[in-house]
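Quick note on numbering that gives the first Met the number 0: the sequence shown kicks off at 0 and runs consecutively.
Yeah, the Cβ is synthetic: ideal placement off N, Cα and C, and Gly gets one too.
Values in this document were obtained by computation on a predicted structure and should not be read as measured data.
Presented below is the structure to which this report refers.
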Amino acid sequence: MVEAATESPAPAEPVSTEPATASMRRPQSNSPPPTPSPAPQTASSLQKMKEQGMYRNQYFKDAECFDCGHKFKTGRSAKSANCPACGAYISLEDVEINMTSTQPVKTRGNVLIRKRGRLSASSVHCRDLDCQGIIEANVTCTGDASFRSTGSIIGEIRCNRFVVEKGADVAFLNPVHATEVEIQARVTGTIYSTGPVLITSNGSVNGDVTARSVSIEPGGELNGAMNIVRGKQPPPTMAPAPVA
Ligand SMILES: [Zn+2]
């Protein structure tokens with residue numbers, strides 16, 4: 000084919016300046032597509048963007064300000080950050096406790112309390128909590144809280160997924176609030192779940208359970224009241240019953 004466009008300014012097709020409608024433009028699609036301008040730059044910049052995306056996923060993690068709630072990304076291995084919005088200090092460190100500690104914990108990292116660990120503090124804020132020991136604190140986890148403890152836990156627990164693991168024998172002296180609950184062992188306490196509660200075959204709950212749904216596997220026990228709630232919807236207004 001001849002590159003006629005470079006030869007003559009007169010185009011073969013009448014390309015006028017009048018507004019082209021879609022139907023008028025359509026025949027042009029039959030003509031060979033314009034040769035794409037050599038695009039090594041585009042390709043390489045695309046490559047760069049891909050690499051940067053991978054870089055971002057690999058080296059950055061999500062953080063959220065405790066004070067203003069601002070969410071941002073920070074280095075994966077960073078131990079702390081300052082909120083870009085309000086400047087507040089945010090710890091990102093994982094905390095491990097294997098003895099008695101009275102330090103409050105406030106981190107976007109995870110907390111592990113070993114079997115001999117005892118955390119007696121005013122409050123604990125973290126992502127995931129893995130407790131094999133004892134906690135005496137009000138706990139707020141943005142992630143999951145799992146307990147494999149023997150003994151009494153003092154303080155309210157607020158978390159996403161709440162699990163009492165096999166081997167535990169634990170009493171929660173204050174209510175547990177979660178979005179999902181799984182009980183695999185003996186637990187005493189009052190449980191509120193906005194989602195499902197599952198009591199497995201070796202699980203038993205001594206206390207009241209309020210949840211969206213409660214499933215008890217054969218062998219599992221619930222010794223207490225079971226209240227099923229329907230999300231956040233208000234109770235339906237009673238319509239007058241049709242008279243038969
Ligand atoms: Zn902030």
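Backbone CA spacing between Glu-63 and Ile-190 [nearest angstrom]: Straight-line Cα distance between these residues: approximately 27 Å.
Can you give the Cα-Cα distance for Ala-136 and Val-175, rounded to whole angstroms? Each residue's Cα considered, the two are about 12 Å apart.
Tell me which same chain residues have a C-beta within less than 6 Å of the C-beta of Glu-6, skipping the five on either side of it? Below a pLDDT of 50, predicted positions are generally treated as unreliable, and Glu-6, at 45, falls in that range; the measurement from the model is reported next regardless. So no residue of the chain qualifies.
With respect to the beta strand (DSSP E) encompassing Glu-135, which residues constitute its N-terminal and C-terminal limits? Counting along the chain, the beta strand (DSSP E) containing Glu-135 begins and ends at 133-140.
Spatial neighbours of Pro-235 within its chain, please: C-beta separation below 8 Å, excluding the five flanking residues on both sides. Caution is warranted here: a pLDDT of 46 is assigned to Pro-235, below 50, making its placement in the model unreliable, and no coordinate value can be reported.
Helix, strand or coil for Lys-70 per DSSP? Judged by DSSP in its simplified three-state form, Lys-70 adopts strand.
Beta carbon of Glu-181, beta carbon of Ser-203: below 8 Å? 8 Å or more divides the Cβ of Glu-181 from the Cβ of Ser-203.
How long is the line joining the alpha carbons of Glu-257 and Ala-210, rounded to whole angstroms? As shown, the chain starts at 0 and ends at 243. That puts residue 257 outside it, with no answer to give.
Within this structure, are the beta carbons of Cys-82 and Val-104 separated by less than 8 Å? No Cβ-Cβ contact shorter than 8 Å links Cys-82 with Val-104.
What's the C-alpha gap between Ser-151 and Ser-76? Those two C-alpha atoms are separated by around 34 Å.
Delimiting residues of the beta strand (DSSP E) encompassing Asp-168: Run containing Asp-168: 168-171, per the beta strand (DSSP E) assignment.
Check whether the Cβ of Ala-84 sits closer than 7 Å to any heavy atom of ligand 1, and report yes or no. Yes; taking the cut-off as 7 Å, the Cβ of Ala-84 has a heavy atom of ligand 1 nearer than that.
Can we count Asp-129 as close to ligand 1, meaning its CB is less than 7 Å from some heavy atom? Asp-129: no, Cβ never under 7 Å from ligand 1.
In three-state terms, what does DSSP make of Lys-47? Residue state, collapsed to three classes: helix.
Beta carbon of Leu-206 nearer than 8 Å to that of Gly-188: According to the sequence displayed, residue 206 carries Gly and not Leu. Taking the C-beta atoms as reference points, Gly-188 is found nearer than 8 Å to Gly-206.
On the criterion of 16 or more Cβ atoms from any shown chain inside 10 Å, does Pro-26 qualify as buried, or is it exposed? Confidence at Pro-26 is low in this model, with a pLDDT of 46, below 50, so the placement of that residue should be treated as unreliable; the coordinate-derived value is given next. By the 10 Å Cβ count, Pro-26 comes out exposed.
Can you tell me the Cα-Cα spacing of Ile-89 and Thr-106, whole angstroms? Their backbone Cα atoms lie some 7 Å apart in a straight line.
Identity of the residue in Gly-116, Val-138, Leu-172 and Cys-140 nearest Gln-131 by Cα: Looking only at Gly-116, Val-138, Leu-172 and Cys-140, the smallest Cα-Cα distance to Gln-131 is reached by Gly-116.
Since I believe Gly-142 is in contact with Asp-127 (beta carbons under 8 Å), could you give me their beta-carbon distance rounded to a whole number of angstroms? That belief holds up - the Cβ atoms of Asp-127 and Gly-142 are roughly 4 Å apart, short of 8 Å.
Should Asp-66 be counted as a contact of ligand 1 given a C-beta to heavy atom distance under 7 Å? Yes, Cβ of Asp-66 sits closer than 7 Å to a heavy atom of ligand 1.
Terminal residues of the beta strand (DSSP E) in which Ile-152 lies: Where Ile-152 is concerned, the enclosing beta strand (DSSP E) stretches over 149-152.
Cα separation between Asn-109 and Asp-93? Going by the C-alpha atoms only, they are around 5 Å apart.
7 Å Cβ shell around Arg-24 - same chain, five flanking residues per side excluded: Low local confidence applies: a pLDDT of 47 at Arg-24 is under 50, so the model's placement there is unreliable, with the coordinate-based value given in what follows. Cβ within range, chain order: n/a, list empty.
If you count every other CB in all the chains shown that lies within 10 Å of the CB of Phe-146, and 16 or more means buried, which is it? Flag for Phe-146 reads buried.
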